[in-house]
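Written out below as structure tokens is the structure these notes cover.
In our numbering, the protein residues as written are 21 to 147.
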């Protein structure tokens, strides 16, 4: 379960937590939509394609942990959607980029996550 500590407020470096079924609790920084979610924690080792992964129906209801350290650096493009909305229930990353460098991007990953009410946490050791 990912739970941002403030309800739907946009704050710089807002802390949030991920709590696992075994009792492990990890604190990080909230990204995307502020809220609470739950699901099976799984991981993906891809170096790119995060938008395709988050919208892939095979990951429906799972919290996706990305092991590649830099996520969000090329934004999102509508053409890269695998479904009409994200299928994952949450996102866990190491380093989240608020800025993107792709001139063809439609928006930042943060804006995409907020638009689709996708909760996430960064500053987590995802190795």
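Glycine included, each C-beta is placed from N, C-alpha and C at the ideal position. Keep in mind it's a predicted model, so treat the numbers as computed, not measured.
{"Asked": "Residue 113: which of 142, 78, 134 sits nearest, CA to CA?", "Found": "142"}
{"Asked": "Excluding five sequence neighbours on each side, which residues of the same chain lie with their C-beta closer than 6 angstroms to the C-beta of residue 129?", "Found": "92, 96"}
{"Asked": "Could you check if residue 111 is buried or exposed, using at least 16 other CB atoms within 10 Å of its CB as the buried criterion?", "Found": "buried"}
{"Asked": "Examine the Cβ distances between the segment 116-129 and the segment 76-95 and report whether three or more of them are shorter than 8 angstroms.", "Found": "yes"}
{"Asked": "Near residue 63, what residues of its chain come up, given a Cβ to Cβ distance below 6 angstroms and the 5 sequence neighbours on each side ignored?", "Found": "85, 87"}
{"Asked": "Work out the CA separation of residue 53 and residue 133 for me, nearest whole Å.", "Found": "6 angstroms"}
{"Asked": "State the start and end residues of the unbroken alpha helix (DSSP H) segment that holds residue 101.", "Found": "Per DSSP, residue 101 belongs to no alpha helix (DSSP H) and is neither H nor E."}
{"Asked": "For residue 60, list the residues DSSP reports as bridge partners.", "Found": "82"}
{"Asked": "Near residue 138, what residues of its chain come up, given a Cβ to Cβ distance below 6 angstroms and the 5 sequence neighbours on each side ignored?", "Found": "52, 53, 106"}
{"Asked": "Cutting at 7 angstroms between CB atoms, please list the residues of its own chain near residue 89, excluding the five before and the five after it.", "Found": "114, 115"}
{"Asked": "Please go through the segment 97-137 and give each complete alpha helix (DSSP H) segment of 4 or more residues, from N-terminal end onward.", "Found": "129-135"}
{"Asked": "Let's see if you can read the secondary structure: which residues bound the alpha helix (DSSP H) around residue 72?", "Found": "70-74"}
{"Asked": "Can you look up residue 47 in the DSSP assignment and give me helix, strand or coil?", "Found": "strand"}
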